[in-house]
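Single-structure report; data block below.
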Amino acid sequence: MRRPSPDRLTSLRDMTMQPTPIRSRPLYGTLAPVRQATRHIVLAEGEGASAVTDAFRGHDALARTSILFSPAPRSADRRPATDLASLSCEALHVASGVEDLLAELATTLSSATMGTRLYISGSEDFIGRARSEALQRGIDADAIQTEHRGAPTRRVQCVHCKGFTDGVAASPTVCSQCGLYLLVRDHYSRRLGAFMGVCIDAEAPGEIPPAEAFGA
Amino acid sequence: MTLSFNAETFRDDYTFANSPTAIRAFPFPFERDDYTYTVNIEQHVPGPVQSATEFPIHIDEHYVAEMQDRAITLAQDPLRCQSLPHMMTAEWDLVELLMTSMSTHYPETFTLTRDGNRWHWINRPLGLDQTFTFGDASTLPQGPMEYITRQCQGDFCLLDQRDDNLWMDAGMVTTQADWSLDFDLGMNFMEWHAPVPLAHDLGVFERALKFLLNLQQGRPVRRLNWTMTINPRLDTSPENYHRWGIDKASVTPENVGDKVHLRVELQALWRLPRSNAIVFSIRCYLIKMDELVTQKKWARRFHRVLASLPQPIADYKGLARFRDTTVAWLSRHDDGLPTSPGFAPD
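In order, the protein sequences belong to chains A and B.
Going by the numbering used here, the first sequence opens with residue 117, and the numbers climb by one from there.
Going by the numbering used here, the second sequence opens with residue 321, and the numbers climb by one from there.
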């Protein structure tokens, strides 16, 4: 029997070499509307829109479907929003960004009833964030579907200052809140919707290895 | 047995030290002269008199100082103690387990009087006298788990059991060897062990989970785990790793005896009666090399274990920066003679 320590102790650097899959990381699926659901709420970001059109186009669930869409960060591409509009769902909200989308989600969920299903698609950090928000608002984990589309960026929580950094593409990265260089550990919290970031040069200040991009 | 308590610190000036009695009670974790990985789980039954396992919950000379150190850690980071809302019954189960055990085995130090749900708890070394209604959290100054674990040595996790899994849904964790309750809160057994390499592929966690799901009330189990810590620091958390990680680079041949500590965790698991949750207690013991080598058998054996430790395990335990220096220092205390069987000092 083992527990999360102390054999884990501080060999933080060695964890980067871990070849096995990340056991705490969610597996993402393919969106598939649940026919008997009373209501469908769809959250999509950037390229996630294409997962939504693939799953919902022509589906009779659309009459009971609200879509909240946020463009990918720093993207001016209007095509995903146009594609989603062409689905003719019950309601489509195009948000200015993820913050705006999550605020709208709070309003939408406040009137949600039993039998509501939630669908989330986009980058991994978007999925993590949206999922965490929905769980905190009382949505059952079993009522949430996710599909990963777009760049393999991660949302990272700094274990030291607890600040979140979105859209992280490589490790190590810099904490957007406290500025420490963080190793992105292969450890994911669904509750927080984030990977753990741990100071990478604590034992040898200033020794920062070159950043390595995440695979898909 | 009347306990007396050390005035000592686990941070800043690090005045922590073990008396000869505490040294002999130290749960030395090596049964052989070479390193072998074993799961080493056994029934948590009473061990020898004046050993760490004499009683189910071990209170010793470090009690008051450890509780003071916990209070400092909590003041700086309240997220070290968290409990999800459905864990309240398990919290009360823990109150019962700890108060009953502590007052039964250390009656001069702690007293519990029960009159139905009216309980009266006296903690003499911390100067607490509390009457409360068992099951009514409004009658305690903190939540039940926080209240009692601010008064008991060791970290405590409460594992909820559902869906054939265990969930890390509450805990008081201030003396941890590099894992974060705040990050792992709400995870299941497989998720919180995710960062441990290799063992997943060996099926270790599947077997351990199956074993624990069947843990019976009244039949707690225990095991020892070990690592090494530079300076007698209880709070080797990831939260503060950017502060203490640098200590690993501070070991020199001159300061090994004082700075390098063997860190042993006495881990125990209990099934709880009302909630069907499991208590996972992790009691940390520290001993500096100068103190360890006062027991000749331990000096010889720890030298041999540390020298023969496979490199990947040394790296994994985070010993790489100071292992060689420590082995060289220990070699002066190893005359090559055979060691006697068992863990206990001669």
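Backbone N, C-alpha and C define an ideal beta-carbon position, used for all residues, glycine too.
Rounded to whole angstroms, the gap between the alpha carbons of A/CYS315 and B/VAL516 is 19 Å. Taking a 10 Å sphere around the C-beta of A/HIS156, we find 16 or more other C-beta atoms and assign the residue as buried. When Cβ-Cβ separations below 9 Å define contact, B/SER660 makes no contact with chain A.
Collapsing the DSSP output to three states places B/LEU535 in coil.
Within the region 253 to 288 of chain A, the complete beta strand (DSSP E) segments of 3 residues or longer fall at 260 to 264, 270 to 274, 280 to 284, listed in chain order. By DSSP's assignment, A/PHE185 forms a beta bridge with A/ALA160, A/VAL210. B/HIS425 is bridged by DSSP to nothing; it lacks a bridge partner. In chain order, LEU535, GLN536, GLN537, ILE598 place their CB closer than 7 Å to the CB of B/ARG591, counting only its own chain and leaving out the 5 sequence neighbours on each side. As summarised for the region 528 to 616 of chain B, the continuous beta strand (DSSP E) elements at least 3 residues long and confined to that stretch are 541 to 550, 580 to 591, 598 to 608, given in chain order. Residue state for A/GLY238 is assigned as strand, using DSSP reduced to three classes. Look at A/GLN152 here: in three-state DSSP terms it is coil, with no helix or strand label. For B/TRP441, the secondary structure class from DSSP, reduced to helix, strand or coil, is strand. It is roughly 47 Å from the alpha-carbon of B/ARG438 to the alpha-carbon of A/LEU234.
For B/MET465, the enclosing alpha helix (DSSP H) stretches over residues 464 to 469. Interface residue (Cβ-Cβ distance to chain B less than 9 Å): A/HIS303 is classified as such. Taking a Cβ-Cβ threshold of 7 Å, the residues of chain A close to B/LEU505 are ARG307, in chain order.
The closest CA to that of A/MET312, considering only A/ALA327, A/PRO325, A/CYS277, A/GLU319, is found on A/CYS277. Assigned with DSSP and collapsed to three states, B/HIS382 falls in coil, not helix or strand. Along the region 275 to 294 of chain A, going in chain order, the ones with a CB nearer than 7 Å to a CB of chain B are VAL275, HIS276. Within 10 angstroms of the beta-carbon of A/MET230 lie fewer than 16 other beta-carbons, which makes it exposed.
Look at B/ARG434 here: in three-state DSSP terms it is strand.
By the C-beta density criterion, A/VAL150 is exposed, having fewer than 16 other C-beta atoms within 10 angstroms. Residue-level contact by beta carbon holds for A/VAL314 and chain B, with a gap shorter than 9 Å.
For B/ALA569, the residues of chain A that pass the 8 Å Cβ criterion are GLU319, ALA320, in the order they occur in the chain.
By the C-beta density criterion, B/ARG444 is exposed, having fewer than 16 other C-beta atoms within 10 angstroms. B/HIS513 carries a coil assignment under DSSP once its states are collapsed to helix, strand and coil.
Under the DSSP assignment, B/ALA490 falls in the beta strand (DSSP E) whose first and last residues are 485 to 492.
Residue pairing by DSSP puts A/TYR304 in a beta bridge opposite A/PHE311.
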